[in-house]
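Novice: Below is one structure. I have some questions about it.
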Amino acid sequence: MAGRIGLEGLSIGVLADRMHMSKSGVFAHFGSREEMQISVIRHYHEMFEAAVFQPALERPRGLPRLHSMFHRWLQQVSLEVETGCIYISGAVEFDDRPGPVRDALVLMVQTWQSALRRAIEQAVQAGHLREDTPVQQVLFELHGLILALHHDARLLQIPDCAELVRSAYLRVLAPWTTPAGVQLLQALQAESV
C-alpha cells in the first residue's frame, strides 16, 4: 500500500480498513502514525536486503558481488514499477520534512549505499577496478541509473528501460575496469543474460 499511495497516504484508518481491524487495534500495535510509517520503512528495508543484498553476499568479493548487487537492485526496481519503490517515493515525500520518518528513510538508503560503496571498494582491492577508481563517483552514477530507471519506466512508461540501464552500467564501469576485470565482467554479463 505504501508503494502505491505513499507513506503520507498511509494512515491508521487506511490500514485498519485494509486489514479489517479497528483503528484502535492498529493504533495499539504501532502507537502512532509516525511509528507505523517507520515500521513500514524498516519492513521494506528487510525485504530489500533479503532480495538484493543477502544473495549478493554469496558471490565472491569484487566485481562478482558488485555485479550481483546492482543487477538484483535493477530487478527489484523493475518489479516495483507497478507498485512503486518506498525509498524513491519516500524521498519525494520527506526530502524537505525533518523528523523521525525522514531519519529512518535516510538511514535505510545510507545503509544500502554504504554496502554498495563497500562492494566497489572491494572490487578495487580485488584488482577488478583500477586503484584510482573514484568510488563515490561510481556509486553516484550507479544510484543515478536506478533513479532514472524508476522515473522513465514508471512516470514516462518508456519500454525497455532496464536494458538501457544494463548498457549504461557497463559504461559507468568501463573506464575503471582492469584487464582482469574486463574478462570477469564479460563472463558475468554472459551469466546474467
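Counted from 1, the sequence shown has number 192 at position 192 by our numbering; the numbering is strictly sequential. Every residue gets a Cβ at the ideal spot worked out from N, C-alpha and C, and that includes glycine. All values reported here derive from a predicted model rather than from experimental measurement.
#1: Answer yes or no: do Val52 and Arg65 have a C-beta to C-beta separation smaller than 8 Å?
#2: In chain order, which continuous runs of the alpha helix (DSSP H) of length 4 or greater are located wholly inside the region 72-105?
#3: Rounded to whole angstroms, what is the Cα-Cα separation between Ala119 and Met21?
#4: Tell me whether Leu129 sits in a helix, a strand or coil according to DSSP, three-state version.
#5: For Leu149, which residues in the same chain have their Cβ closer than 6 Å to its Cβ, ignoring the five residues on either side in sequence?
#6: Roughly how far, in whole angstroms, is the beta-carbon of Tyr87 from the beta-carbon of Met108, given that I think they are within contact range, below 8 Å?
#7: Assuming Arg117 contacts Trp176 (C-beta within less than 8 Å), just tell me the rounded distance between them.
#8: Of all the options Ala123, His151 and Glu34, which has the alpha carbon lying nearest to the alpha carbon of Arg61?
#9: Taking only three categories from DSSP, how would you classify Thr194?
#10: Using only alpha-carbon positions, find the residue among Pro179, Arg154 and Gln136 that is nearest to Gln110.
#11: Span of the alpha helix (DSSP H) holding Gly181?
#12: Can you give me the C-alpha to C-alpha distance between Ala187 and Ser24, rounded to a whole angstrom?
#13: Taking the Cβ atom as the reference point for each residue, do Leu63 and Gly181 lie within a distance shorter than 8 Å?
#14: At which residues does the alpha helix (DSSP H) containing Gly144 begin and terminate?
#15: Smallest Cα separation from Ser192: which of His128, Pro179, Ala174 and Ser167?
#16: Does the structure place the region 29-38 close enough to the region 98-105 that three or more beta carbon pairs sit under 8 Å?
#17: Check the C-beta distance from Leu142 over to Tyr169 and give it rounded, since I have them as a contact under 8 Å.
#18: For Asp160, does the three-state DSSP call read helix, strand or coil?
#19: By DSSP, does Leu57 sit in helix, in strand, or in coil?
Specialist: According to the structure data:
#1: Against the sequence shown, residue 52 aligns to sequence position 52. Against the sequence shown, residue 65 aligns to sequence position 65. The answer is no: Cβ separation not under 8 Å.
#2: Runs of the alpha helix (DSSP H) inside the region 72-105: 86-94.
#3: Taking the first residue of the sequence shown as position 1, residue 119 is located at position 119. Taking the first residue of the sequence shown as position 1, residue 21 is located at position 21. Between Ala119 and Met21, the alpha-carbon positions lie close to 43 Å from each other.
#4: Your numbering for residue 129 matches position 129 in the sequence shown. In the three-state scheme derived from DSSP, where H, G and I count as helix and E and B as strand, Leu129 is classed as strand.
#5: Within the sequence shown, residue 149 is the residue found at index 149, counting from 1. Closer than 6 Å at Cβ, skipping near neighbours: Val77, Cys161 and Val165.
#6: Here residue 87 refers to the residue found at position 87 of the sequence shown. Here residue 108 refers to the residue found at position 108 of the sequence shown. Contact annotation, Tyr87 with Met108: C-beta distance approximately 7 Å; criterion of less than 8 Å satisfied.
#7: Walking along the sequence shown from the start, residue 117 turns up at place 117. Walking along the sequence shown from the start, residue 176 turns up at place 176. The pair is not a contact, with the Cβ atoms about 14 Å apart (cut-off 8 Å).
#8: As a position in the sequence shown, residue 61 is number 61, starting the count at 1. Of the listed residues, the one whose Cα sits closest to Arg61 is Ala123.
#9: Since the first residue of the chain shown is 1 and the last is 193, residue 194 is not available in this structure.
#10: On the sequence shown, residue 110 is found 110 positions in, with the first residue counted as 1. Among Pro179, Arg154 and Gln136, the Cα nearest to that of Gln110 belongs to Gln136.
#11: Here residue 181 corresponds to residue number 181 of the sequence shown, with the count starting at 1. That run of the alpha helix (DSSP H) goes Pro179 to Ser192.
#12: If you number the sequence shown from 1, residue 187 lands on position 187. If you number the sequence shown from 1, residue 24 lands on position 24. Roughly 56 Å between the two C-alpha positions.
#13: Against the sequence shown, residue 63 aligns to sequence position 63. Against the sequence shown, residue 181 aligns to sequence position 181. Closer than 8 Å, so yes.
#14: Here the question's residue 144 lines up with position 144 in the sequence shown. Gly144: member of the alpha helix (DSSP H) spanning Val135 to His150, first to last residue.
#15: Against the sequence shown, residue 192 aligns to sequence position 192. Comparing Cα-Cα distances from Ser192 to each of His128, Pro179, Ala174 and Ser167, the minimum goes to Ser167.
#16: Yes, since at least three Cβ pairs between the region 98-105 and the region 29-38 fall closer than 8 Å, the two stretches touch.
#17: Taking the sequence shown and counting its residues from 1, one reaches residue 142 at position 142. Taking the sequence shown and counting its residues from 1, one reaches residue 169 at position 169. Between Tyr169 and Leu142 the Cβ distance is about 7 Å, and since that is below 8 Å, they are a contact.
#18: Mapped onto the sequence shown, residue 160 falls at position 160. Looking at Asp160 - three-state DSSP - the assignment turns out to be coil, as it is neither helix nor strand.
#19: Numbered from its first residue, the sequence shown carries residue 57 at position 57. Coil, per DSSP.
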